[in-house]
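Below: the structure, in structure tokens.
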Amino acid sequence: MLSKSDAEKLIHVFVTSRLDYCNFLLIVIVIIIIIYMFLQYMLDMRQICSSLHINIKAQMSTQSQKLRKDLLIKHCAGVNQSLVDFNKIDLTNFIVDDKNGIIYCYVPKVACTNWKRTLLALKHDEPYPNPMSFKGDWVHQRTDVYLFVLKAKLKHYTKFLFVRDPFVRLISAYRAKMLKYDQYFYDGYVRHILQSYEKQSNLPVGYKEAMEKGVHPSFHNFIQYIVDPRTERYAPFEPHWRQMFRMCHPCLVEYDFVGHQETLQEDAQELLKMLKLEGEIKFPPSNKNMTSTDSVKDWFQSVPLEDRRKLYKVYEKDFQLFGYSRPTELLDE
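Residue numbers are given in UniProt numbering: position 213 of the sequence shown equals residue 213, and the series is strictly consecutive.
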């Protein structure tokens, strides 16, 4: 039988251990609460920062759109045009989407294949198919837009276009149509350029044989062809190197959105948001082999200064209207 003192000791030990356990448990609970509050704080801060980032990006996008459209207004101020002048223009590059109330003016070599794919996908029922499921050659089939129909919709539909640095676009056109051509481009342009500016004769008849033999104009030959005043004597430039303003008429059409190839993904997302379609469809990713602005100087090394300056005159209006700086590093040597 326990003595009174032993019993008191046992009770003391028991009570002390219970108190130590409770203190330990209390400390653990406090630590858990502190960690939880810290994590909650970090999550809230992340959401706030994310929201601020989105708001800043949205504000920047809104500001850039305002600047781009203001620039068009500025440079079109002296141009006396109205919808009546539509009777005199080619509407080949306009695509109308009645389902979503969209008018798109496409510019070759400015993401037009992916925008055509996206508009084709939007014509289907929801959920919309992946735009990349449409083959590139199929989306380029001609769609006729009638003048009286387009004029009636211009006031109510959302109108957009995408543009690109004119010289970078030109390099891209050369790579796509002078280095990799089909029979149409070989007969109509490659052979003519080589015969006119390289004085080559006895060229292969078929484009496949020509490709195998590495037959193609130099970049300088291509520029010579463009700046030659005789080139447009009988027909306008081929659309892949025709000036952007001549295809989309920004002084005649009041565009709601002007996108740039240089900020393609951001602009595409902003446009889809503006159309309330950002949650319904995703714009395809950019081509990894896309011509970069950084490579322009390398391409123009073979082009004499005089021809560079002539070329700028050909595309000067595109540079001015769409906010691209005069390439002084190419023109002021």
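C-beta: ideal position from N, C-alpha, C; glycine also.
Residue 113: member of the alpha helix (DSSP H) spanning 112-122, first to last residue. CA-to-CA, the gap between residue 93 and residue 188 works out to about 21 Å. Spanning the alpha carbons of residue 300 and residue 221 requires a straight line of approximately 12 Å. By the Cβ rule, the segment 217-233 does not count as touching the segment 245-257, because fewer than three pairs are nearer than 8 Å. The three-state reading of DSSP puts residue 283 in coil, since its state is none of H, G, I, E or B. Residue 160 sits close to residue 105, with the two beta carbons spaced by under 9 Å. Residue 314: member of the alpha helix (DSSP H) spanning 305-321, first to last residue. Taken through DSSP and simplified to helix, strand or coil, residue 251 comes out as coil. Sorting 167, 267, 98, 330 by C-alpha distance to the C-alpha of residue 109 places 167 at the top.
The segment 270-287 makes no contact with the segment 181-197: fewer than 3 CB pairs, one atom from each, lie closer than 8 Å.
In this structure, the beta-carbon distance from residue 320 to residue 111 does not fall below 9 Å. In the three-state reduction of the DSSP assignment, residue 151 falls in the helix class, which pools H, G and I. Residue 205 sits exposed, since fewer than 16 C-beta atoms from the chains shown fall within 10 Å of its C-beta. Around the Cβ of residue 208, a 10 Å sphere holds fewer than 16 other Cβ atoms; the residue is exposed.
With a threshold of 16 other beta carbon atoms within 10 Å, residue 36 falls short and is exposed. Shown here, residue 104 sits in a strand according to DSSP, grouped into three states.
Counting other Cβ atoms within 10 Å of its Cβ, residue 306 stays below 16 and is therefore classed as exposed. Between the beta-carbon of residue 251 and that of residue 107 there is about 16 Å, and that puts the pair past the 8 Å contact cut. In this structure, DSSP gives residue 257 an extended state, which the three-state scheme calls strand. Judged by DSSP secondary structure, residue 237 falls outside any alpha helix (DSSP H); it is assigned neither H nor E. Secondary structure note for residue 222: its alpha helix (DSSP H) is the uninterrupted segment 219-227.
DSSP, read as helix, strand or coil, puts residue 159 in strand. In this model, residue 103 and residue 41 are separated by some 46 Å (Cα to Cα).
Burial check for residue 326: the Cβ neighbour count within 10 Å stays below 16, so the residue is exposed. Where residue 187 is concerned, there is no enclosing beta strand (DSSP E), because DSSP gives it neither an H nor an E. Of the residues 66, 271, 297, 313, the one whose Cα lies closest to the Cα of residue 100 is 271.
Going by beta carbons, residue 218 and residue 302 fall inside the 9 Å limit.
Linking residue 43 to residue 263 through their CA atoms gives a straight-line distance of about 30 Å. In the structure shown, residue 205 adopts coil according to DSSP, grouped into three states.
A distance of 9 Å or more separates the beta carbons of residue 293 and residue 175.
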